[in-house]
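A.B. asks:
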Amino acid sequence: MENEYISTVLIVDDTEANLIALSALLESEDVNVLQARSGNEALKIILTNKIDIILLDVQMPDMDGFEVAEILRGNNKTKTIPIIFITAISKEEEYIFKGYELGAVDYLYKPIRNELLKSKIKVFLRLNKQAKIIEEKNSKLEMIINELKEKKDEISRLARLDGLTGVFNRRVFDENFGNEWARCFRNKKYLSVIMIDIDFFKQYNDTYGHLVGDDALILVAKEIVKTVGRSYDEVFRYGGEEFVVLLPNTDYQGAIFIAENIRKNIEKLEIEHRNSEIAKYLTVSLGISTCVPSDNIEKMTLLDIADNMLYDAKRSGRNRTTGKNLDKLMNNI
Ligand SMILES: [Mg+2]
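In our numbering, the protein residues as written are -2 to 330.
1) Between Ala252 and Ile152, which are expected to be in contact by the criterion C-beta below 8 Å, what is the C-beta distance as a whole number of angstroms?
2) In the DSSP assignment, the beta strand (DSSP E) including Thr287 goes from what residue to what residue?
3) Between which two residues does the beta strand (DSSP E) containing Leu53 stretch?
4) Would you say Phe165 and Asp171 are within 8 Å of each other, going by their C-beta atoms?
5) Rounded to a whole number of angstroms, what is the C-alpha to C-alpha distance between Tyr104 and Ile80?
6) Rounded C-beta distance between Ser116 and Asp49? I'm assuming under 8 Å.
7) Just to confirm before moving on: does the CB-CB distance between Val281 and Asp203 stay below 8 Å?
8) Does any heavy atom of ligand 1 sit closer than 7 Å to the C-beta of Met140?
9) For a test of the three-state rule: what should DSSP assign to Asn202, helix, strand or coil?
10) So does the stretch 219 to 227 actually touch the stretch 256 to 275, counting three or more Cβ pairs closer than 8 Å?
11) Which residues does DSSP pair with Glu112 in a beta bridge?
12) Quick check on the DSSP output: the beta strand (DSSP E) that includes Ala33 runs from which residue to which?
13) If Val9 sits next to Leu53, beta carbons under 8 Å apart, how far is it from one beta carbon to the other, in whole angstroms?
14) Any heavy atom of ligand 1 within a distance shorter than 7 Å of the CB on Asp59?
15) Do you know offhand how far Leu279's Cα is from Leu244's?
16) Does the Cβ-Cβ distance between Leu334 and Gly284 come in under 8 Å?
17) Measure the alpha-carbon distance for Arg312 versus Asn305 and round it to whole angstroms.
18) If you draw a straight line from the C-alpha of Pro290 to the C-alpha of Asn322, how long is it?
19) Could you have a look at Met60 and say whether DSSP puts it in helix, strand or coil?
20) Identify every residue that forms a DSSP beta bridge with Tyr106.
21) In whole angstroms, what is the alpha-carbon distance linking Gly71 and Glu64?
22) Quickly, what does DSSP pair Lys321 with across the bridge? List them, please.
23) Compute the Euclidean distance between the alpha carbons of Glu(-1) and Lys126, then round it to the nearest angstrom.
24) I think Asn246 touches Lys185, with their Cβ atoms under 8 Å apart; what is that distance to the nearest whole Å?
25) Could you check the C-alpha separation between Asp309 and Lys199 for me, to the nearest Å?
26) Using only the alpha-carbon positions, how far apart do Glu274 and Arg317 sit?
27) Please report the distance separating the alpha-carbon of Val28 from that of Lys107.
28) Spatial neighbours of Thr84 within its chain, please: C-beta separation below 8 Å, excluding the five flanking residues on both sides.
29) If you check the beta carbons only, do Leu114 and Leu22 fall under 8 Å apart?
30) For the alpha helix (DSSP H) holding Phe174, just list the boundary residues, first then last.
31) Can you tell me the Cβ-Cβ gap for Leu69 and Asn46, rounded? I've got them flagged as a contact below 8 Å.
32) With DSSP as the reference, label Ile195 as helix, strand or coil.
33) Between the Cα of Glu112 and those of Leu44, Ile141 and Glu26, spot the shortest distance and give me the residue it belongs to.
34) Under three-state DSSP, which class holds Arg234?
35) Among Glu144, Glu264 and Phe233, whose alpha-carbon lies nearest the alpha-carbon of Asp196?
See the structure below:
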C-alpha cells in the first residue's frame, strides 16, 4: 500500500525561470510537483494540499521564505512539513531560522547543484515515507491494543458470571459479601442474606434429564433477579441448585418480604415437577439471616445462620421461608 504513495513537492519561488528549472529537474523523479510564486500563494496551497516537502526560496518580495516558514511552524498541521530553503545569501542564514521541527529543515545555495538537490529531496522523501509507515503501524498497533483491551474486559466480565444462569458466581459473592459487610459495618446499616435452594432438584434432574434441569436453573435465576429487582449485583449462584441474595440496607422484615416474593413467583412459574413430594410444580426453600454488622458477630456467622435457616425450611416441609434476626437476638442479651 505504501508503495503506491506518490509524494508531493511544493516549489516556492518568485522567479518564473527558477520555478521552471526546478520543476524540470524533479520531473524525472516520481513526485507530484506544485508551484507557488509567492509566500501567500504557497500558504494557500499548503492549506488545501497534502505537501510532503517544500522547496522554499528565501529571497521573495512581500513575504520572504523565513516568514513563510515561521507561519508553518506556528500551525500544528504544517509544522512537520520538511523545508529546504533555497538561498543566494551566505551560509550564516542557517542560523537564522530556528525552532522548526528538528531535522525537518535544510539549506541549498544558489547556484543549485542538481545532484545535491535531488539527493536532498530523496533523503527527505525517504524519511517521510518511513515516518508514514511507522505512523500506519502505530495506528494498527493501537487498534490491536484496543481490541485486546475490549476482549480482556469481556473476559473478566465473563469470569464474574455463572456460565449457565448469567447471575454472578460464588467468587463475586465472596467479594461483594466482604464489601457490603464492611460498608454496612461502617454505616451501621442492616445487612440481610437470603439462601435459596430448589426443592427436590435431584429428582427433577432424574425425571427430566440434566438439560431440562439446566433450563429450570436459568428460569429460577431469572425470576430471582426479576423479583429482587434492584440490581444484578445482589443475586449469585452459590452452588449447584443454590442461590444467594445479598441485601444491604435491608432489615429483617424487608428480607422476609423479598424472600416470600421470590418463593411465590417461582411457584407461579409452574415449572412442572411430577416427582416433587410436595407440589405439582418446582418450588424453593429459603433461609434468611439479618444483622447490623459489628464486632459482636463474625461475617461468616451471618452466612452460616442463613444456611441453617434454609435447612430448617427444608426440614419443616419445604416451599417456605425461615429466618433469624440476629440483631434482635443480640439486643435481647
Ligand atoms: Mg527569489
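Ideal Cβ positions, reconstructed from N, Cα and C, are used throughout, including at glycine.
A quick note: this is a predicted structure, and the numbers were derived from the prediction, not measured.
C.D. replies: Result, derived from the coordinates:
1) Actually they do not touch by this definition, with Cβ atoms about 34 Å apart.
2) Val281 to Cys288
3) Ile50 to Asp54
4) Taking 8 Å as the Cβ cut-off, Phe165 and Asp171 do not qualify as a contacting pair.
5) Whole-angstrom Cα-Cα distance: 8 Å.
6) Contact flag wrong, Cβ pair sits at about 16 Å.
7) Between Val281 and Asp203, the C-beta spacing is not below 8 Å.
8) No, the beta carbon of Met140 sits no closer than 7 Å to any heavy atom of ligand 1.
9) helix
10) yes
11) According to DSSP, Glu112 shares a beta bridge with no other residue.
12) Per DSSP, Ala33 is one residue of the beta strand (DSSP E) stretching across Val28 to Ala33.
13) 5 Å
14) no
15) 24 Å
16) No statement about residue 334 is possible, as the shown extent of the chain runs from -2 to 330 and does not include it.
17) Inter-residue distance for Arg312 and Asn305 is about 10 Å (C-alpha atoms, whole angstroms).
18) Distance between the alpha carbons of Pro290 and Asn322: 12 Å.
19) coil
20) Answer is Thr84, bridged to Tyr106.
21) 11 Å
22) Per DSSP, Ser286.
23) Caution applies to Glu(-1), whose pLDDT of 46 falls short of 50 and renders its modelled position unreliable; the model cannot decide the point.
24) With a Cβ gap of about 11 Å, Asn246 and Lys185 do not count as contacting.
25) Their Cα atoms are separated by approximately 19 Å.
26) 14 Å
27) 23 Å
28) So the qualifying residues of the chain are Asp54, Val55, Gln56, Gly62, Glu90, Tyr104, Leu105, Tyr106 and Lys107.
29) In this structure, Leu114 places its C-beta atom within 8 Å of the C-beta atom of Leu22.
30) Arg167 to Asn184
31) Not confirmed; about 13 Å, so no contact.
32) strand
33) Glu26
34) Strand.
35) Glu264
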